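Student: Everything in the sequence shown is counted per numbering that gives the first Met the number 0, starting at 0 for the first residue and increasing by one.
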Amino acid sequence: MGRFQNLHLADFSLYSQYRTLFKTDVSSAQAILSNSQLNNKAFGASDINDITDDIATIENYYYSNVPLRLSSLLSELGEEIGELKNCGDYSTSVAYKKKNIVNYNNQLYFCLEDNQGEPFSPR
0 MGRFQNLHLA DFSLYSQYRT LFKTDVSSAQ AILSNSQLNN KAFGASDIND
50 ITDDIATIEN YYYSNVPLRL SSLLSELGEE IGELKNCGDY STSVAYKKKN
100 IVNYNNQLYF CLEDNQGEPF SPR
């Protein structure tokens, strides 16, 4: 059995094509591996780890877990929206929380951090 080599700079184009195709068209990606330029070349551990991460992403988010992932994203979005609160006109006597919305001089402002008793200072 021959000795294997790591991928070289000249192989980068094929490697990039393989990584791109692997995410959407595994058959075409496998065809790239039959290119004679890649004979006796081996993917290193970091390459294999990257490909493994891609497989996990595909499996978890785009194939078997799509309804669960969409449900999770919708829930997160609902929580974010639920934290928004219109608090009316700005007053230094009111305690405002992050994500509160206040009116000041007929302009709406979004609170970026908790605030109480501080003069109004838009950023």
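The C-beta atom is built at its ideal place from N, Cα and C for all residues, glycine as well. Since the structure is predicted, the reported quantities are computational estimates derived from the model, not experimental observations.
Buried or exposed: where does V65 fall if 16 or more other Cβ atoms within 10 Å of its Cβ makes it buried?
Tutor: What you label residue 65 is simply residue 66 of the sequence shown in a count that begins at 1. It counts as exposed.
Student: Under a three-way DSSP split, which group does V25 fall into?
Tutor: Position 26 of the sequence shown, counting from 1, holds the residue named residue 25. Three-state result, V25: helix.
Student: Would you mind sorting Y103 into buried or exposed? The rule is 16 or more other CB atoms within 10 Å of its CB.
Tutor: The residue labelled residue 103 in the question sits at position 104 within the sequence shown. Looking at its Cβ environment, which holds fewer than 16 other Cβ atoms inside 10 Å, Y103 is exposed.
Student: On the three-state DSSP scale, how would you describe D88?
Tutor: Residue numbering aside, residue 88 sits at position 89 when the sequence shown is read from its first letter. If DSSP states are grouped into helix, strand and coil, D88 belongs with the strands.
Student: Does M0 come out as helix, strand or coil in the three-state DSSP assignment?
Tutor: Your numbering for residue 0 matches position 1 in the sequence shown. Note that M0 scores 47 on pLDDT, short of 50, meaning its location in the model is unreliable; the coordinates nonetheless yield the value given after this. Here M0 sits in coil by DSSP.
Student: Sort out for me which residues DSSP pairs Q106 with in a bridge.
Tutor: Walking along the sequence shown from the start, residue 106 turns up at place 107. Y103.
Student: Starting from the C-beta of M0, find all residues in its chain whose C-beta is less than 7 Å away, skip the five residues before and the five after it, and write them out in chain order.
Tutor: For the purposes of this step, residue 0 is taken as residue 1 along the sequence shown, with counting starting at 1. At M0 the pLDDT is 47, less than 50, meaning the model places this residue with poor confidence; the figure from the coordinates comes in the next sentence. No residues qualify anywhere along the chain.
Student: Counting pairs of Cβ atoms below 8 Å between the segment 48-62 and the segment 81-92, do you hit three or more?
Tutor: Judged by Cβ distances under 8 Å, the segment 48-62 makes no contact with the segment 81-92, as fewer than three pairs qualify.
Student: Under the three-state reduction of DSSP, which class applies to N48: helix, strand or coil?
Tutor: Counting from 1 along the sequence shown, the entry for residue 48 is found at position 49. DSSP places N48 in helix when its eight states are reduced to three.
Student: Buried or exposed for V101, please, with buried defined as at least 16 other CB atoms from any protein chain shown within 10 angstroms of its CB.
Tutor: Residue 101 sits at position 102 when you count from the first residue of the sequence shown. Burial call: buried.
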